[in-house]
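Asks: One structure coming up, written as structure tokens, with questions to follow.
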Amino acid sequence: MNKIKEFLFENKSMRQMVAKNTAWLAIGEMVSRLIRAGLIIYAARVLGTEGYGVFSYALSLAALFTIFSDIGLSPLLTREIVKQPEKIKEYFSTSFILKLIILLSTVLITLTIAPFFVKIEAARSLIPIIVILIAFDSLRDFGFSLTRAENRMETEAGLKIATNFAITALGVIVLTIKPETQTLAIAYAAGSGIGLALLIGKLWHQFKNALAYFKKELIKPILTAAWPFAIMGLLGGFMINIDTVILGWFKGSHELGLYAAAYRPVLLFYVIPAFLSTSLFPIMSRLIQENKAEEMKKILQKSLALVLGVALPIALGGLIVAKPFITLLFGSEYSDASPAFQILMFTLFFVFPGTIISNAIFAYDRQRLFIFSMAGGAILNIVLDILLIPSYSIVGSAVATLISQIFINGYNWYQLKKIISFTVLNNLGKVSISALAMAGIVILLAVLNTPVIITVIIGALVFLVSLIILKEPLLFEVRSIIWR
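Heads up: the sequence shown begins at 1482 in my numbering, then just goes up one per residue.
Structure representation (structure tokens):
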């Protein structure tokens, strides 16, 4: 018990700190997302494909207009605090004021312009509520910059769980009383506001002086360093939401609901590498600052092997059990989302390592490299959406997403190889064998019409046991970090 307590609440070594932070982020993200997943599944069933499609469309449209609300201030603040901890008050105060100015501006612009782009009339009334929700989320994520810089991911985990519990509790209550998209949007916004209030209370020692240490001399260096992140944020948010917006132009709310059902579980999987990359970022920044190239190479290779090792069984399993999995989550009304879900599962092979690659490039202060890949990927995504959606509906949108992700992450991989030499694929032999063994069992269980939950559990156990039998080094390293 003492070893577990030390592992979860103390920072002792670099490896242990990465594992601890990753564990807390995983706990916070998975628990909070599982809590909210309950609300999403309930809402999708109560509202139906059309009602849920309208809500998803309004959420994506509002998010598309508010992507300028951060301009990279959050990751920049984390990096600068790690590099210059003695200037935490000045950087936080100046960044916070800039954040408020930019956030208020984007909110006003969105409320003014976004309604003119709404094709689905039922979504128009949701825009103001969802803009408030996004503003609360943006401020809360900004506050997490402090906890990440200080390697206090346990604080972030607790606040995320509390926030999503509030959102889910309020959502279930209002949908039970009045099952409408507008009441669901209000519940989301109110729950997010509660989470922001809890964050401010927890970090009050910083927020109480948020205006006191403003330094106008820092504005120019902050904005100069942040502009590549602003473009990255713009293009990244654009990539996530543009499929839904274009789908809404060509198709109706039913198709939007199906695509949301296909994409939501995949977005949940995307957060898995984010746990590790967020934990690694302060460590990577420090290693680069101290010119420890060999240690940086080792941690990069191990983290890439780890995320690819996780992506492989998830993607293969998802491809095999797609239809019963979607039906289990959302109901038979959403079964037509399965082909799009299968295509989107292929993106895991590129997004998982791409998350680590992106953070490494960021840690090297080479964020300008993202501009070409993100811009090219965004343009490619739009062109493919316009070409494919009219004929192939949500399947065409999924194909567009897959191709654009291959382009973005492939280019970023190539650019990082020019900065630091690393190898990954030769470390995945045992993981690949284990994943194939798992896939064989899952196919057999699917043929026998085994319930999908049992299939997933057995498949996961087969994969884990295979890794143990083959003595996969990464598995034993994780165990040694926890029990050392």
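Even glycine gets a Cβ: it sits at the ideal position worked out from N, Cα and C.
(1) With a threshold of 7 Å on Cβ separation, who are the neighbours of Thr1575 within its own chain once the five nearest residues in sequence on each side are excluded?
(2) Roughly how many angstroms separate the alpha carbons of Val1653 and Phe1811, rounded to a whole number?
(3) Please report how far the alpha carbon of Trp1708 lies from the alpha carbon of Ile1795, in whole angstroms.
(4) Can you give the Cα-Cα distance for Ala1755 and Ser1878, rounded to whole angstroms?
(5) DSSP three-state call for Asp1724: helix, strand or coil?
(6) Hey, would you say Asn1908 sits closer than 8 Å to Gly1835, going by beta carbons?
(7) Does DSSP put Phe1731 in a helix, a strand or coil?
(8) DSSP state of Ile1949, grouped into three classes?
(9) Could you please give the first and the last residue of the uninterrupted alpha helix (DSSP H) stretch that includes Val1880?
(10) Which residue marks the beginning of the alpha helix (DSSP H) containing Gly1553, and which one marks its end?
(11) Given a cut-off of 8 Å on the beta-carbon distance, is the pair Phe1822 and Ala1792 in contact?
(12) Alpha carbon to alpha carbon, how far is Pro1556 from Lys1773?
(13) Give me the residue from Leu1945, Ile1924 and Ser1947 with the minimum Cα distance to Thr1936.
(14) Tell me which residues share the same chain as Ile1508 and place their Cβ nearer than 6 Å to its Cβ, disregarding the 5 neighbours each side in the sequence.
(15) Among Lys1952, Leu1951, Ile1578 and Arg1560, which has the Cα closest to the Cα of Ala1691?
(16) Is the separation between the beta-carbon of Lys1732 and that of Ile1870 shorter than 8 Å?
(17) Residue range of the alpha helix (DSSP H) that Gly1652 falls in?
(18) In the DSSP assignment, the alpha helix (DSSP H) including Lys1778 goes from what residue to what residue?
(19) Should the region 1893-1902 be called in touch with the region 1847-1861, which here means at least 3 C-beta pairs below 8 Å?
(20) Glu1814 and Gly1519: beta carbons closer than 8 Å?
(21) So, at 7 Å on beta carbons, what are the nonlocal neighbours of Gln1687 in its own chain, with the 5 sequence-adjacent residues on each side left out?
(22) Within the continuous alpha helix (DSSP H) that includes Gln1565, where are the two ends?
(23) Short check: CB of Ala1544 to CB of Leu1584, under 8 Å?
(24) State the start and end residues of the unbroken alpha helix (DSSP H) segment that holds Asp1846.
(25) With a Cβ-Cβ cutoff of 8 Å, do Asn1862 and Ser1839 count as a contact?
(26) Looking at C-alpha atoms only, which residue of Met1720, Val1535, Ile1521 and Ser1766 is the closest neighbour of Ile1460?
(27) How many angstroms separate the CA atom of Ser1902 from the CA atom of Glu1775?
(28) Less than 7 Å between C-beta atoms, sequence neighbours within five positions excluded: which residues of the same chain meet that for Ile1522?
(29) Helix or strand or just coil, what does DSSP make of Gly1738?
(30) In this structure, how does DSSP classify Asn1908 when only helix, strand and coil are distinguished?
(31) Are the beta-carbon atoms belonging to Gly1738 and Tyr1533 less than 8 Å from one another?
(32) Since Ser1913 and Ile1837 should fall inside the 8 Å C-beta cutoff, what is the C-beta to C-beta distance between them, to a whole number of angstroms?
(33) Buried or exposed for Trp1685, please, with buried defined as at least 16 other CB atoms from any protein chain shown within 10 angstroms of its CB.
(34) At the level of alpha carbons, what is the spacing between Leu1607 and Lys1783?
(35) Within 10 angstroms of the Cβ of Arg1965, are there 16 or more other Cβ atoms? Answer buried if so, exposed if not.
Replies: This is what the structure gives:
(1) Mapped onto the sequence shown, residue 1575 falls at position 94. Excluding positions up to five away in sequence, the list reads Phe1695, Lys1696, Leu1699, Ile1700 and Ile1703.
(2) Looking up residue 1653 in the sequence shown gives position 172. Looking up residue 1811 in the sequence shown gives position 330. Distance between the alpha carbons of Val1653 and Phe1811 is about 16 Å.
(3) The residue given as residue 1708 occupies position 227 in the sequence shown. The residue given as residue 1795 occupies position 314 in the sequence shown. C-alpha separation (whole angstroms): 35 Å.
(4) The residue you call residue 1755 lines up with position 274 of the sequence shown. The residue you call residue 1878 lines up with position 397 of the sequence shown. Looking at the two C-alpha atoms, the distance is approximately 24 Å.
(5) As a working mapping, residue 1724 is identified with position 243 in the sequence shown. The answer is helix: DSSP assigns Asp1724 an H, G or I state.
(6) Along the sequence shown, read from residue 1 onward, the residue named residue 1908 stands at position 427. Along the sequence shown, read from residue 1 onward, the residue named residue 1835 stands at position 354. In this structure, Gly1835 does not lie closer than 8 Å to Asn1908 by Cβ.
(7) Residue 1731 sits at position 250 when you count from the first residue of the sequence shown. Reduced to three states, the DSSP call for Phe1731 is helix.
(8) As a first step, residue 1949 must be located in the sequence shown, where it is residue number 468. Reduced to three states, the DSSP call for Ile1949 is helix.
(9) Here residue 1880 refers to the residue found at position 399 of the sequence shown. Val1880 -> alpha helix (DSSP H) spans Leu1850 to Ile1900.
(10) The count along the sequence shown starts at 1 and reaches residue 1553 at position 72. Premise fails: Gly1553 is in no alpha helix (DSSP H) and is neither H nor E.
(11) Locating residue 1822 in the sequence shown gives position 341, counting from the first residue. Locating residue 1792 in the sequence shown gives position 311, counting from the first residue. Going by C-beta atoms, Phe1822 is not nearer than 8 Å to Ala1792.
(12) In the sequence shown, the residue the question calls residue 1556 occupies position 75. In the sequence shown, the residue the question calls residue 1773 occupies position 292. For Pro1556 and Lys1773, the distance between alpha carbons rounds to 22 Å.
(13) Taking the sequence shown and counting its residues from 1, one reaches residue 1936 at position 455. Of the listed residues, the one whose Cα sits closest to Thr1936 is Ile1924.
(14) By one-based count along the sequence shown, residue 1508 stands at place 27. If we look at Ile1508 and ignore the five residues flanking it on each side, its Cβ neighbours are Ala1638.
(15) By 1-based counting over the sequence shown, the position of residue 1691 is 210. Of the candidates Lys1952, Leu1951, Ile1578 and Arg1560, the one whose C-alpha sits nearest the C-alpha of Ala1691 is Ile1578.
(16) Within the sequence shown, numbered from 1, the residue matching residue 1732 stands at position 251. Within the sequence shown, numbered from 1, the residue matching residue 1870 stands at position 389. Less than 8 Å separates the beta-carbon of Lys1732 from that of Ile1870.
(17) One-based indexing of the sequence shown puts residue 1652 at position 171. Here the alpha helix (DSSP H) through Gly1652 covers Met1634 to Ile1658.
(18) Your numbering for residue 1778 matches position 297 in the sequence shown. Note, Lys1778: alpha helix (DSSP H), Ala1774 to Ile1801.
(19) Inter-segment contact for the region 1893-1902 and the region 1847-1861 is present: three or more beta-carbon pairs are separated by less than 8 Å.
(20) Along the sequence shown, one-based indexing puts residue 1814 at 333. Along the sequence shown, one-based indexing puts residue 1519 at 38. Contact: no.
(21) Here the question's residue 1687 lines up with position 206 in the sequence shown. For Gln1687, where only same-chain residues beyond five positions count, the Cβ hits under 7 Å are Phe1573 and Leu1627.
(22) Along the sequence shown, one-based indexing puts residue 1565 at 84. No alpha helix (DSSP H) holds Gln1565; DSSP gives it neither H nor E.
(23) Position 63 of the sequence shown, counted from the start, is the residue given in the question as residue 1544. Position 103 of the sequence shown, counted from the start, is the residue given in the question as residue 1584. Cβ distance not < 8 Å, so Ala1544 and Leu1584 don't count as in contact.
(24) By 1-based counting over the sequence shown, the position of residue 1846 is 365. Run containing Asp1846: none; DSSP gives neither H nor E here.
(25) What you label residue 1862 is simply residue 381 of the sequence shown in a count that begins at 1. What you label residue 1839 is simply residue 358 of the sequence shown in a count that begins at 1. Going by C-beta atoms, Asn1862 is not nearer than 8 Å to Ser1839.
(26) Any question about residue 1460 goes unanswered here, given that the chain covers just 1482 to 1965.
(27) Your numbering for residue 1902 matches position 421 in the sequence shown. Your numbering for residue 1775 matches position 294 in the sequence shown. Their Cα atoms are separated by approximately 10 Å.
(28) Locating residue 1522 in the sequence shown gives position 41, counting from the first residue. Answer for Ile1522: Leu1810 and Phe1811, listed in chain order.
(29) If you number the sequence shown from 1, residue 1738 lands on position 257. When secondary structure is reduced to three states using DSSP, Gly1738 falls in the helix class.
(30) Start at 1 with the first residue of the sequence shown, and residue 1908 comes out as number 427. Of the three classes helix, strand and coil, the one that applies to Asn1908 here is helix, per DSSP.
(31) Taking the sequence shown and counting its residues from 1, one reaches residue 1738 at position 257. Taking the sequence shown and counting its residues from 1, one reaches residue 1533 at position 52. Yes, Cβ-Cβ distance for Gly1738 and Tyr1533 is below 8 Å.
(32) Indexing the sequence shown from 1 puts residue 1913 at position 432. Indexing the sequence shown from 1 puts residue 1837 at position 356. At roughly 19 Å, the Cβ-Cβ gap does not stay under 8 Å, so Ser1913 and Ile1837 are not in contact.
(33) Indexing the sequence shown from 1 puts residue 1685 at position 204. Exposed: under 16 other Cβ atoms inside 10 Å.
(34) As a first step, residue 1607 is located in the sequence shown; it is residue number 126 there, counting from the start. As a first step, residue 1783 is located in the sequence shown; it is residue number 302 there, counting from the start. Taking the straight line from one Cα to the other gives about 44 Å.
(35) For this step, residue 1965 is matched to residue 484 along the sequence shown. Interpretation of Arg1965 is limited by its pLDDT of 46, a score under 50 that renders its predicted location unreliable; the figure taken from the coordinates is listed afterwards. The residue is exposed, with fewer than 16 neighbouring Cβ atoms inside 10 Å.
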